[in-house]
Amino acid sequence: MSEAVPPQAIRKLAPGKLVIASHNAGKVREINALLAPFGIEAISAAELDLPEPEETGTTFVANAELKALQAADLSGLPALADDSGLCVDALGGDPGVYTANWAETPNGRDWTLAMTKVEQALAAKGPDASRDAHFVCVLALAWPDGHVQWFEGRADGTLTWPPRGAVGFGYDPVFVPTGSDVTYAEMDPAQKHAISHRAAAFAQLIAAVL
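Heads up: the sequence shown begins at 1 in UniProt numbering, then just goes up one per residue.
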């Protein structure tokens, strides 16, 4: 895992093709919406038939970097990877970097199952357990020559139950961001993009490289 890139080492990203190192269609849609104003032609890893690497890192930064570096190496293009997750205070930060693992089933990812697991784990802590939580997003931008730089964003909030809303993906239906009374999944996508953990990371990336 690389260290945070010092300001003088930041490499600018020119308009053109950029691989989004993800097979998550919802995540790719969000990233495309954020990049569209900057002349970036985003191509998903799925469109290029790139394999999904095993996420062996123990931090969001490590997993984002390994995904971005692999996609850049295999495609010969700059690549952007996102590693993000839900961290629940009362669960010691879980599911954290294992956010997607909580959704895994033999037939693919089941996010209703994942949200239920979180709720059951909280219930086991008792009625007074804190429902505070936050999302973390790390964006890693890599080039085929191995240069990589990353940016981290965070969004704080609380968990609600049962799930509410049909927009978004992942744990969005149970996450109410601070200052709001609706879940991510009840928000218009543009509203979520303005306040999300991914938007916070993108604001840093845009300021640095675009």
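The C-beta atom is built at its ideal place from N, Cα and C for all residues, glycine as well. Model, not experiment: these values are computed from the prediction.
For the pair of segments examined, the stretch 110-118 was found not to touch the stretch 183-200: the number of CB pairs separated by less than 8 Å stays below three. When Ser130, Lys12, Ile195 are compared, the shortest CA-CA separation from proline 177 is found for Ile195.
For aspartate 132, the uninterrupted beta strand (DSSP E) segment begins and ends at 132-142. Exposure of aspartate 181 is indicated by the presence of fewer than 16 other C-beta atoms within 10 angstroms of its C-beta. As summarised for the stretch 109-192, the continuous beta strand (DSSP E) elements at least 3 residues long and confined to that stretch are 132-142, 148-159, 175-177, given in chain order.
In the structure shown, leucine 18 adopts extended strand secondary structure according to DSSP, grouped into three states.
Leucine 13 sits in coil when the DSSP states are folded into three classes, being neither helix nor strand. When the Cα atoms are used, isoleucine 40 and glutamate 47 turn out to be separated by approximately 16 Å. The DSSP-derived three-state label of alanine 100 is coil. If the five residues before and after alanine 155 are omitted, its C-beta is found closer than 7 Å to the C-beta atoms of His134, Phe135, Pro177, Ile195, Ser196, His197, Ala200, all from its own chain and listed in chain order.
Listed in chain order, the non-local C-beta contacts of aspartate 89 below 7 Å within the same chain comprise Ser130, Asp132, Ala133, local neighbours out to five positions each way being set aside. Between the stretch 59-74 and the stretch 25-43, the count of C-beta pairs closer than 8 Å stays below three; the two stretches do not touch. Excluding its 5 nearest sequence neighbours in each direction, isoleucine 31 has C-beta neighbours in its own chain below 6 Å: Ile20, listed in chain order.
Counting every other CB atom within 10 Å of its CB across the protein chains shown gives proline 15 a total below 16, marking it as exposed.
About 13 Å separates the CB atoms of glycine 85 and glycine 92; that is not less than 8 Å, and the two are not in contact. The count of Cβ pairs closer than 8 Å, one atom from the stretch 141-149 and one from the stretch 72-81, reaches three, so the stretches are in contact.
When DSSP states are grouped into helix, strand and coil, leucine 80 belongs to the strand group.
Leu80 is the residue among Gln191, Thr58, Leu80, Leu69 whose C-alpha sits nearest the C-alpha of lysine 17.
Looking at the DSSP output, serine 44 bridges to Ile20. About 28 Å separates the beta carbons of glutamine 120 and glycine 153, which is beyond the 8 Å limit, so they are not a contact pair.
With contacts defined as CB atoms closer than 8 Å, alanine 140 and tryptophan 150 qualify as a contacting pair.
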